[in-house]
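Residue numbers (numbering that gives the first Met the number 0), protein chains in the order written: chain A, 0 to 219; chain B, 0 to 219; chain C, 0 to 229; chain D, 0 to 229. We treat Cβ as the ideally placed atom computed from N, Cα and C, and that holds for glycine. Below: one structure, written as structure tokens.
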Amino acid sequence: MGLAIETRNRMAKRAAAEIQSGMVVNLGIGIPSLVPNHLPRDFAVMFHAENGIIGMGPSPIHGEEDENLCNAGGFPVSLVAGGSYFDSALAFGMIRRGKVDLTILGSLQVSETGDLANWIVPGKKVPGMGGAMELAQKAKKVIVVMNQTDKHGQSKIVQKCSLPLTSTACVNMVITDMAVFLVEKNRGLVLHEVFKPHTIDEVLQLTDATVSLHDKIIFS
Amino acid sequence: MGLAIETRNRMAKRAAAEIQSGMVVNLGIGIPSLVPNHLPRDFAVMFHAENGIIGMGPSPIHGEEDENLCNAGGFPVSLVAGGSYFDSALAFGMIRRGKVDLTILGSLQVSETGDLANWIVPGKKVPGMGGAMELAQKAKKVIVVMNQTDKHGQSKIVQKCSLPLTSTACVNMVITDMAVFLVEKNRGLVLHEVFKPHTIDEVLQLTDATVSLHDKIIFS
Amino acid sequence: MKQALNKVSSIEEVDHLFFDGMTLMYGGFGGVGSPPTLIEAIKQKGVSQLKLIGNDTGFPHIGIGKIVSLGRVSHIITSHIGSNPIAGQLMTDGRLAVEFSPQGILAERIRAGGMGLPGILSDIAIDNDIVQKGKFFCEIGEKRYMVETALTADISIVYAKKADTFGNLIFDKSARNTNPLCAMAGDITIAEVEEIVPVGSLQAEEIITPGVFVDYIIQSEGVDWKWAWQ
Amino acid sequence: MKQALNKVSSIEEVDHLFFDGMTLMYGGFGGVGSPPTLIEAIKQKGVSQLKLIGNDTGFPHIGIGKIVSLGRVSHIITSHIGSNPIAGQLMTDGRLAVEFSPQGILAERIRAGGMGLPGILSDIAIDNDIVQKGKFFCEIGEKRYMVETALTADISIVYAKKADTFGNLIFDKSARNTNPLCAMAGDITIAEVEEIVPVGSLQAEEIITPGVFVDYIIQSEGVDWKWAWQ
Numbered sequence: 000m001g002l003a004i005e006t007r008n009r010m011a012k013r014a015a016a017e018i019q020s021g022m023v024v025n026l027g028i029g030i031p032s033l034v035p036n037h038l039p040r041d042f043a044v045m046f047h048a049e050n051g052i053i054g055m056g057p058s059p060i061h062g063e064e065d066e067n068l069c070n071a072g073g074f075p076v077s078l079v080a081g082g083s084y085f086d087s088a089l090a091f092g093m094i095r096r097g098k099v100d101l102t103i104l105g106s107l108q109v110s111e112t113g114d115l116a117n118w119i120v121p122g123k124k125v126p127g128m129g130g131a132m133e134l135a136q137k138a139k140k141v142i143v144v145m146n147q148t149d150k151h152g153q154s155k156i157v158q159k160c161s162l163p164l165t166s167t168a169c170v171n172m173v174i175t176d177m178a179v180f181l182v183e184k185n186r187g188l189v190l191h192e193v194f195k196p197h198t199i200d201e202v203l204q205l206t207d208a209t210v211s212l213h214d215k216i217i218f219s
Numbered sequence: 000m001g002l003a004i005e006t007r008n009r010m011a012k013r014a015a016a017e018i019q020s021g022m023v024v025n026l027g028i029g030i031p032s033l034v035p036n037h038l039p040r041d042f043a044v045m046f047h048a049e050n051g052i053i054g055m056g057p058s059p060i061h062g063e064e065d066e067n068l069c070n071a072g073g074f075p076v077s078l079v080a081g082g083s084y085f086d087s088a089l090a091f092g093m094i095r096r097g098k099v100d101l102t103i104l105g106s107l108q109v110s111e112t113g114d115l116a117n118w119i120v121p122g123k124k125v126p127g128m129g130g131a132m133e134l135a136q137k138a139k140k141v142i143v144v145m146n147q148t149d150k151h152g153q154s155k156i157v158q159k160c161s162l163p164l165t166s167t168a169c170v171n172m173v174i175t176d177m178a179v180f181l182v183e184k185n186r187g188l189v190l191h192e193v194f195k196p197h198t199i200d201e202v203l204q205l206t207d208a209t210v211s212l213h214d215k216i217i218f219s
Numbered sequence: 000m001k002q003a004l005n006k007v008s009s010i011e012e013v014d015h016l017f018f019d020g021m022t023l024m025y026g027g028f029g030g031v032g033s034p035p036t037l038i039e040a041i042k043q044k045g046v047s048q049l050k051l052i053g054n055d056t057g058f059p060h061i062g063i064g065k066i067v068s069l070g071r072v073s074h075i076i077t078s079h080i081g082s083n084p085i086a087g088q089l090m091t092d093g094r095l096a097v098e099f100s101p102q103g104i105l106a107e108r109i110r111a112g113g114m115g116l117p118g119i120l121s122d123i124a125i126d127n128d129i130v131q132k133g134k135f136f137c138e139i140g141e142k143r144y145m146v147e148t149a150l151t152a153d154i155s156i157v158y159a160k161k162a163d164t165f166g167n168l169i170f171d172k173s174a175r176n177t178n179p180l181c182a183m184a185g186d187i188t189i190a191e192v193e194e195i196v197p198v199g200s201l202q203a204e205e206i207i208t209p210g211v212f213v214d215y216i217i218q219s220e221g222v223d224w225k226w227a228w229q
Numbered sequence: 000m001k002q003a004l005n006k007v008s009s010i011e012e013v014d015h016l017f018f019d020g021m022t023l024m025y026g027g028f029g030g031v032g033s034p035p036t037l038i039e040a041i042k043q044k045g046v047s048q049l050k051l052i053g054n055d056t057g058f059p060h061i062g063i064g065k066i067v068s069l070g071r072v073s074h075i076i077t078s079h080i081g082s083n084p085i086a087g088q089l090m091t092d093g094r095l096a097v098e099f100s101p102q103g104i105l106a107e108r109i110r111a112g113g114m115g116l117p118g119i120l121s122d123i124a125i126d127n128d129i130v131q132k133g134k135f136f137c138e139i140g141e142k143r144y145m146v147e148t149a150l151t152a153d154i155s156i157v158y159a160k161k162a163d164t165f166g167n168l169i170f171d172k173s174a175r176n177t178n179p180l181c182a183m184a185g186d187i188t189i190a191e192v193e194e195i196v197p198v199g200s201l202q203a204e205e206i207i208t209p210g211v212f213v214d215y216i217i218q219s220e221g222v223d224w225k226w227a228w229q
């Protein structure tokens, strides 16, 4: 999306910091797919894919890809010890049953109440929801990783989503190229961190929503 | 149930004659379990069990039983080539999806319209329906094998079942120790065969229901 | 697999999970495949007023029957109690409330619970007074269906042939039966297994129950349904 | 296993099963695991006005996309068409009616069809205008659920790694995906497989789709999704 690789990696690294050892995690395509690179080596994390895998490992080296071992985005992956295969119904059963601790995904818009809109731009882009609705609604924690603004410079964090929703009040955390926001039960959208060299003012200016400031905003 | 083994085998043999090669068949306990003994050796029949087996073979010889390979009645069985194991949900999915061509089971009462009552005697015997309701309602063909009369000499074929029903209008054929009846769409209960040395009159006397007589009743 | 995902436990470590009045779901079919070591532990702990969910009530001294027969159960959702005459007697005496569910529908209700679905539609025994009692109905176009609600439990206990330390399970022949279903439907699932193996020892393709559904793994002290038919 | 249960067929023997306007369900996820030889046969036969049910529309020249891209499909129930821009264009042009279903709910609707259940209850996207359009609702106590009806098809086509001649199927890694579900939901199911083996060659425990669900077995001429990601 035009972001420098350093920025993308910073966002992925920040998302990775939310992962604890022992978690079951589902990653969307794009920046979320960079998250595993930023995990401690001794972490035990089981990565889940909607097509029917738990325990995905890194992409195999070029030439060693297996056409029958792909993630939900169709990209070649590998399997760690303890991983298994199953049908897609079971893959989503895990999600609905609350066995997926965390999902990290991209979005078009996020509202100040945690509504997520990432599946359709009416009249323009109609890819379909895929597994996004189940993940957004049922993963125990939902982290959105996206640009602060769209290509027209408009804030992707909004008071109310103008695009059709994927799910309501589901997002727990938003990580952009400029900042980290939490959607808190009582306070709504709260700015927690600002990525240097950005400033609070810059972030607020490009956030088209009601934002509270955390007591101690971290500059990282 | 007090029937001589010869009589029981005659009933089982008659039921076996309804099986065609290639069928998927579910057998109840009691006389139906004798049915496989009466099939031609070159027949390919896949026997289905509700706990989660298709392709059951004969009981192993004494001492070779496997405690983890039992039919739905808990009796040790074996597995033929091509057989497989699955969970009980899938076992009943096969039944509901119409993949079980034939079920042969015992009963307490059968009505002249094919109602089946074989799961409960209120206040006396309350075993529960087990899988009988699904089998009766969804197997493509239902054959009941039972005594013509109960221990008090009362007909078990009745105008209307006095016992709670397992399923309505589901029985296609009734094989008793005296005769073979079909439940036909337009004619209702029709007597087709009489087992020697019984006579039509004897059978009708012990059948407490409206019975038509087939054009050519077979005496076998 | 690293320590964070190692779920092997002792009976002592799971004992605190059992409590009076808990909803307990158990795998097995006619006693075959019901976890005997866990059932014995629950019996020994003496918890009562249990609400059970399972295929049947086993035999008086085999499977869940060991607990049912002691009058420790107040309510059960099941499809069959015929192999345990004590269960029938308790029911007749009004000491055990039994909700009968057709066997395959019961299996699907348990699966729905495990799969995070609120329920299923059914046409099985839809005109049956006993089965439809208290149930909701649903019109779809011109057809009418019964709603069979999903079942979950505080604790689910299952039996498997092997587990790796992450809790991936494989089962043995027809002892699989309702175990993979119950394994998914417990808020907490405890698997008693014949053999515990290191992660990586099970083939990825042979795993029936993925370990995410299993919370504790217990080494079985041996099964009790051998020659239950004798 | 004897001849009566041998389901191995040639493409020519199944060709007559395909007809204009048929409901066609297909296994696969993003093209991976969609049966290429059967899809090519359907394309060659030239049937049209198809009603499709499947996870996605593949790529323009991979998987079911080969048929969708030719405008042979009038209606599809699916969760995603993003990897096939031609499908999106046909939809925008009003030449392809698309009913979007959340991916896991679509999988469960297909499974319900295969399991002979009329439908499931769902709380997924229950407040979503697009998903709830035309659907029935159901009150259970104080809760409100959406009814998601079961899906079956005239013909279901699936891809498997191996079949024995009875039609028992095993799958390869993530190419399993929706194939076991679709295999059960076809009124007629045709399995395209990489390898056909004699009955008895597959271990009873490793079989994923029991042969009772499969009507015809076709030898695959090779897959087309290799390096779909490139």
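Check: Any residues in the segment 85 to 113 of chain C with a beta carbon nearer than 7 angstroms to a beta carbon of chain B? Which ones, in chain order?
Finding: Within the segment 85 to 113 of chain C, the residues whose Cβ lies closer than 7 angstroms to any Cβ of chain B are, in chain order, Gly87, Met90, Phe99, Pro101, Gln102, Gly103, Ala106, Glu107, Arg110.
Check: For Leu33(A) versus Gly56(A), is the C-beta spacing smaller than 8 angstroms?
Finding: 8 angstroms or more divides the Cβ of Leu33(A) from the Cβ of Gly56(A).
Next item on the list: Answer with buried or exposed for Ala96(D), where buried requires no fewer than 16 other C-beta atoms within 10 angstroms of its C-beta.
Entry: Exposed is the call here.
Checklist line | Residue interval of the beta strand (DSSP E) (run including Pro162(C)) | finding: Sequence check: residue 162(C) is Ala here, not Pro. Its beta strand (DSSP E) spans residues 152 to 163.
Item checked: C-beta neighbour in chain D for Phe85(B), strict 8 angstroms -> Phe85(B) belongs to the set of residues whose beta carbon lies under 8 angstroms from a beta carbon in chain D.
Checklist line | Chain-ordered chain B contacts of Asp153(D) [CB-CB under 8 angstroms] | finding: Those do not exist, as Asp153(D) stays about 15 angstroms from chain B at its closest Cβ, beyond 8 angstroms.
Note to self: Give the list of continuous beta strand (DSSP E) stretches no shorter than 3 residues that lie fully inside the segment 89 to 173 of chain A.
What the structure shows: Runs of the beta strand (DSSP E) lying entirely within the segment 89 to 173 of chain A, each at least 3 residues long, are 101 to 104, 108 to 110, 141 to 144 in chain order.
Margin query: For a test of the three-state rule: what should DSSP assign to Gln218(C), helix, strand or coil?
Written below: In the structure shown, Gln218(C) sits in a strand (DSSP, three-state: E or B).
Item checked: Amino acids of chain D, ordered along the chain, whose beta-carbon sits closer than 8 angstroms to that of Asn36(A) -> Listed along chain D, no residue sits closer than 8 angstroms to Asn36(A) by beta-carbon distance, the nearest being about 18 angstroms off.
Check: Can you check whether the CB of Gly53(C) is closer than 8 angstroms to the CB of Tyr25(C)?
Finding: Going by C-beta atoms, Tyr25(C) is nearer than 8 angstroms to Gly53(C).
Check: Which partner residues of Arg143(D) appear in the DSSP bridge assignment?
Finding: Bridge partners of Arg143(D): Glu138(D).
Notebook entry, point to check: Looking at the C-beta of Thr22(C), does it have a partner C-beta in chain D at a distance below 8 angstroms?
Noted result: Taking Cβ atoms only, chain D never reaches closer than 8 angstroms to Thr22(C), which makes this a no.
Notebook entry, point to check: Val24(A) bridges to which residues according to DSSP?
Noted result: Answer is Phe46(A), Leu101(A), bridged to Val24(A).
Check: What number of angstroms, rounded off, separates the C-alpha of Gln88(D) from the C-alpha of Ser87(B)?
Finding: Their backbone Cα atoms lie some 44 angstroms apart in a straight line.
Notebook entry, point to check: What does DSSP give as the partner residues of Lys50(C) in its beta bridges?
Noted result: DSSP lists Thr22(C), His74(C) as partners of Lys50(C).
Margin query: Against chain A, does Leu168(C) count as a neighbour if the rule is that its beta carbon must be under 8 angstroms from one of theirs?
Written below: No, its Cβ sits nowhere closer than 8 angstroms to a Cβ of chain A.
Next item on the list: Measure the CB-CB distance between Gly130(B) and Glu49(B) and report whether it falls below 8 angstroms.
Entry: Against a cut-off of 8 angstroms, the Cβ pair of Glu49(B) and Gly130(B) comes out as a contact.
Check: What number of angstroms, rounded off, separates the C-alpha of Gly93(D) from the C-alpha of Ile217(D)?
Finding: Take the alpha-carbon of Gly93(D) and the one of Ile217(D): they are about 35 angstroms apart.
Checklist line | For Ile156(D), the nearest candidate out of Trp224(D), Ser200(D), Asp214(D) (CA to CA) | finding: Considering only Trp224(D), Ser200(D), Asp214(D), the residue with the shortest C-alpha distance to Ile156(D) is Asp214(D).
Next item on the list: Using the DSSP secondary-structure output, state which residues sit across from Met55(B) in a beta bridge.
Entry: DSSP, once it has assigned bridges, lists Leu78(B) as partnering Met55(B).
Note to self: Let's see if you can read the secondary structure: which residues bound the beta strand (DSSP E) around Val179(B)?
What the structure shows: Following the DSSP letters along the chain, one finds Val179(B) inside the beta strand (DSSP E) bounded by residues 178 to 183.
Margin query: Tell me the rounded alpha-carbon separation between Val67(C) and Ser73(C).
Written below: Using only the alpha carbons, I get a separation of about 9 angstroms.
Notebook entry, point to check: Mind pulling the chain B residues with CB within less than 7 angstroms of Thr177(C)?
Noted result: Thr177(C) reaches chain B at Asp86, Ser87, counting residues in chain order whose Cβ is nearer than 7 angstroms.
Next item on the list: Give the residues of chain D in contact with Arg40(B), contact being defined as C-beta atoms less than 8 angstroms apart.
Entry: Neighbours of Arg40(B) on chain D: none; closest Cβ ~10 angstroms, over 8 angstroms.
Notebook entry, point to check: Hey, is the segment 102 to 112 of chain A in contact with the segment 155 to 173 of chain A, meaning 3+ C-beta pairs nearer than 8 angstroms?
Noted result: With contact defined as three or more Cβ pairs closer than 8 angstroms, the segment 102 to 112 of chain A and the segment 155 to 173 of chain A are in contact.
Notebook entry, point to check: Hey, does Lys1(C) have any beta-carbon neighbour from chain A nearer than 8 angstroms?
Noted result: Because the pLDDT of Lys1(C) is 44, which lies under 50, any placement of that residue in the model is unreliable, and the question is left without a value.
Note to self: Can you tell me which residues form a DSSP beta bridge with Ile169(C)?
What the structure shows: According to DSSP, which records beta bridges pairwise, Ile169(C) is partnered with Lys161(C).
Check: Leaving out the 5 sequence neighbours to the left and right, which residues in its chain are closer than 6 angstroms to Pro117(C) when beta-carbon positions are compared?
Finding: Cβ neighbours of Pro117(C) beyond the five flanking positions: Ala149.
Checklist line | Beta-carbon neighbours of Leu4(D), restricted to chain F and to distances below 8 angstroms | finding: The structure shown contains no chain F; the protein chains it does contain are A, B, C and D.
Note to self: Here's the rule: buried if 16 or more other CB atoms are within 10 angstroms of the residue's CB, otherwise exposed. What is Gln153(B)?
What the structure shows: Counting the other Cβ atoms within 10 Å of the Cβ of Gln153(B) gives fewer than 16, which makes it exposed.
Notebook entry, point to check: Mind listing which residues of the segment 194 to 210 of chain D have their C-beta closer than 7 angstroms to chain B's C-betas, in chain order?
Noted result: When C-beta distances to chain B are compared with 7 angstroms, the residues of the segment 194 to 210 of chain D below that value are Val198, Gly199, Ala203, Glu204, Ile206, Pro209, Gly210, in chain order.
Item checked: C-beta contact flag for Leu181(B) and Val210(B) at 8 angstroms -> The Cβ atoms of Leu181(B) and Val210(B) do not sit closer than 8 angstroms to each other.
Check: So is Ile76(D) in contact with chain C if we call contact Cβ pairs under 8 angstroms?
Finding: By this cut-off, Ile76(D) is not an interface position.
Next item on the list: Pull up the distance between the alpha-carbon of His61(B) and that of Val76(B), whole angstroms please.
Entry: Distance between the alpha carbons of His61(B) and Val76(B) is about 11 angstroms.
Item checked: Residue environment, Glu11(C), which counts as buried when at least 16 other CB atoms sit within 10 Å -> Looking at its Cβ environment, which holds fewer than 16 other Cβ atoms inside 10 Å, Glu11(C) is exposed.
Check: Hey, would you say Thr148(A) sits closer than 8 angstroms to Ala116(A), going by beta carbons?
Finding: Between Thr148(A) and Ala116(A), the CB-CB gap reaches or exceeds 8 angstroms.
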